[in-house]
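I have placed the structure first, in the form of structure tokens, so that the comments after it can refer back to it.
Protein chains in written order, with our numbering: chain A, 296 to 408; chain B, 296 to 408.
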């Protein structure tokens with residue numbers, strides 16, 4: 296696929312991922328909203344890794360929607376702005392739940408593939 | 296601002312953030328590309344936190360561009376897919392460099408504000 300076509304798929308997915316993250320983050324304010332999208336997105340991306348076959352689907356869903364749905368920069372900024380205790384709890388819960396979600400996603404995806 | 300207007304700004308930013316992440320990740324393959332966008336995005340979001348004043352600018356640049364530019368789901372999937380040693384190094388470097396970048400971004404932003 297040409298680079299322009301790939302950019303179009305990634306950009307179109309980016310609209311969906313960013314807008315959905317915004318809606319969920321608005322419903323669950325602050326750190327808990329970011330934790331929710333990151334854990335949910337890590338699970339769904341791991342499922343997609345094992346189930347999506349074509350490069351078009353991978354670019355649109357994985358690089359576009361799901362990578363834009365989750366965010367690292369907001370997590371880092373919220374962690375630094377929080378109190379030390381909340382910051383450490385936020386790092387621990389993002390890592391523990393996020394990596395666990397990715398492992399569960401791989402297991403579920405392998406069953407579905 | 297109405298929710299539709301906010302979604303439009305976030306979605307438009309999402310196109311830019313996702314497409315730029317894709318281009319950088321293509322240049323720096325795999326784990327190192329994700330580390331690069333996450334650290335760079337964490338720094339820029341922290342600068343934006345202290346310098347952007349209007350909610351329109353915050354929605355477009357922070358929630359749209361910079362949150363979509365970084366990704367947590369790809370980081371989690373790459374960590375799980377890597378060897379245990381590389382996975383642990385990836386978690387450590389993302390956290391150490393990402394949080395340091397966010398602190399540096401806040402310091403730079405406060406000087407610029």
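Even glycine gets a Cβ: it sits at the ideal position worked out from N, Cα and C.
- For residue 317(B), the enclosing alpha helix (DSSP H) covers residues 298-322.
- Pairing residue 329(A) with residue 370(A), the inter-Cα distance amounts to about 6 Å.
- Within the stretch 319-350 of chain B, no run of beta strand (DSSP E) at least 3 residues long lies entirely inside it.
- With respect to chain B, the C-beta atom of residue 385(A) has no partner C-beta closer than 7 Å.
- In this structure, the CA atom of residue 407(B) is about 14 Å from the CA atom of residue 340(B).
- Three or more beta-carbon pairs separated by less than 8 Å link the stretch 308-320 of chain B to the stretch 356-363 of chain B, which places the two stretches in contact.
- Here residue 336(A) has 361, 364, 365 as same chain residues with Cβ atoms under 6 Å from its own Cβ, once five neighbours each way along the sequence are excluded.
- Not one beta carbon of chain B lies nearer than 7 Å to the beta carbon of residue 300(A).
- Here residue 376(A) is actually not in contact with residue 338(A); their C-beta atoms are around 26 Å apart, not less than 8 Å.
- In this structure, the alpha-carbon of residue 324(A) lies about 15 Å from that of residue 357(B).
- Rounded to whole angstroms, residue 392(B) and residue 334(B) show a C-alpha spacing of 6 Å.
- Contacts between residue 355(B) and chain A, judged by CB atoms closer than 9 Å, are missing: the closest CB pair is about 10 Å apart.
- Burial of residue 394(B) is indicated by the presence of at least 16 other C-beta atoms within 10 angstroms of its C-beta.
- Annotated three-state conformation of residue 352(A) is helix, per DSSP.
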